[in-house]
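A.B. asks: Sequence positions in the sequence shown follow this note's numbering and run 3 to 256.
Cβ coordinates follow ideal geometry from the N, Cα and C atoms, glycine included.
The structure displayed is predicted, hence computed values, not measured ones.
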Amino acid sequence: LFRSDEFIAQARERMREDPARVAQPTNLLEAMIVAADQPDSGVSDDDVAGNVMTMLLAGEDTTANTLAWAIYLLHRNPEVLQKAQQEACDVVGRDLAALTMDHMVHLPYLEAVCHETMRLKPVAPFRVVQALQDTVVADVAVPKDTMIWCVSRHDAMDATYFPDPEKFEPVRWLDADAHHASQAKRVSTPFGAGPRVCPGRYLALVEMKLALATLLSQFRIDAVNTPDGKEASEVMSFTMTPVGLALKLSPISP
């Protein structure tokens, strides 16, 4: 499991050499090893490795591909790009060394860009759940243990909830009518919903806003090209990925 025995052994060795790491773990892996080593934890080293890799993969590919889609959609919608770039320049400015987490709360339009990107191009466009008992879903009998594929993009592309659903329109997330914005957040669920909602959703939003604010405050997006010059193709691997985007940037003059 991604050479789990090796990196767990290395972590255990560091913890033996520095017992303070047991009392105060310095990273997720160490914290999980400490928890796993508790009596009757029932957690194996493979469980630890699986959870760590889930955190790493879920937090890397998903965010990176959402950013790729966001840049692609921004370039295809110049008016939206102009607004996003203006907000980034106004809030962040040219001095990235002064950028802090406090700036993130002042980027509502960039956050709306992220939400709208995930509505149109969710990196996890479907989710799989399993019936724990015989049940009924939308008048369909579902026997126990049946796997159910939920297509999360279906309602997010429904004109009932999103007028002109094919249009990239971040402002719909900033509607003056709070009811509409709230409804959008209930219908579009790229992070899932309920007790199994993605635990990293807030971190992901901060990461995306930080990356976009950094990019747009420093560079112009001159081109985002696809291999065949047509719309970007969607490929589903670990996440839904745009194929072969070539990005051309130029620095914004001081």
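Quick one: any contact between the region 204-221 and the region 93-107, if contact means 3 or more CB pairs under 8 Å?
C.D. replies: They touch, by the three-pair rule.
A.B. asks: Roughly how many whole angstroms lie between the Cα atoms of Pro-41 and Asp-20?
C.D. replies: The straight-line gap from Cα to Cα measures roughly 21 Å.
A.B. asks: Roughly how many angstroms lie between the CA atoms of Ala-70 and Val-125, to the nearest whole one?
C.D. replies: Their backbone Cα atoms lie some 10 Å apart in a straight line.
A.B. asks: Applying the criterion that 16 or more other CB atoms from any shown protein chain within 10 Å of the CB defines a buried residue, is Tyr-111 buried or exposed?
C.D. replies: Buried.
A.B. asks: Under the three-state reduction of DSSP, which class applies to Ile-254: helix, strand or coil?
C.D. replies: Three-state result, Ile-254: coil.
A.B. asks: Using the C-alpha atoms, what's the distance from Asp-230 back to Leu-249?
C.D. replies: Rounded to whole angstroms, Leu-249 to Asp-230 spans 14 Å at the Cα level.
A.B. asks: Residues in its own chain within less than 7 Å of Val-2 by CB, not counting five upstream and five downstream?
C.D. replies: Only positions 3 to 256 of the chain appear in the structure, and residue 2 is not among them; the question remains open.
A.B. asks: May I ask you to verify whether the region 146-159 touches the region 131-138, counting CB pairs closer than 8 Å and requiring at least 3?
C.D. replies: Contact between the region 146-159 and the region 131-138 is present, because at least three Cβ pairs lie under 8 Å.
A.B. asks: Just how far apart, CA to CA, sit Met-242 and Thr-102?
C.D. replies: Rounded to the nearest angstrom, the two C-alpha atoms are 31 Å apart.
A.B. asks: Find out if the Cβ-Cβ distance for the pair Met-120, Ser-190 is shorter than 8 Å.
C.D. replies: Yes, these two residues count as a Cβ contact at 8 Å.
A.B. asks: When you compare the CB of Ala-225 with every CB in chain C, is at least one pair closer than 8 Å?
C.D. replies: Absence of chain C from the displayed structure is noted, only one protein chain being present.
A.B. asks: Tell me the residue span of the beta strand (DSSP E) that contains Asp-224.
C.D. replies: Element bounds for Asp-224: 221-227.
A.B. asks: If you follow the beta strand (DSSP E) that Thr-243 is in, where does it begin and where does it stop?
C.D. replies: Per DSSP, Thr-243 belongs to the beta strand (DSSP E) from 242-244.
A.B. asks: Per DSSP, what are the beta-bridge partners of Trp-151 in this structure?
C.D. replies: Answer is Val-130.
A.B. asks: Evaluate Gln-87 with the Cβ neighbour count: other Cβ atoms within 10 Å of its Cβ, from every protein chain shown; 16 or more gives buried, anything less gives exposed.
C.D. replies: Label assigned to Gln-87: buried.
A.B. asks: Helix, strand or coil for Met-57, going by three-state DSSP, please let me know.
C.D. replies: Reduced to three states, the DSSP call for Met-57 is helix.
A.B. asks: Helix or strand or just coil, what does DSSP make of Thr-64?
C.D. replies: In the structure shown, Thr-64 sits in a helix (DSSP, three-state: H, G or I).
A.B. asks: For Asn-29, count the other beta carbons within 10 Å of its own beta carbon; 16 or more makes it buried, fewer makes it exposed. Which is it?
C.D. replies: Classification of Asn-29: exposed, given that the 10 Å Cβ count is below 16.
A.B. asks: Quick check on Leu-249: does DSSP put it in helix, strand or coil?
C.D. replies: Three-state result, Leu-249: strand.
A.B. asks: In three-state terms, what does DSSP make of Glu-233?
C.D. replies: Note: Glu-233 maps to coil in three-state DSSP.
A.B. asks: Can you tell me which of the three DSSP states Phe-4 falls into?
C.D. replies: The pLDDT assigned to Phe-4 is 48, lower than 50, so where the model puts this residue is not dependable, and the model offers no usable value.
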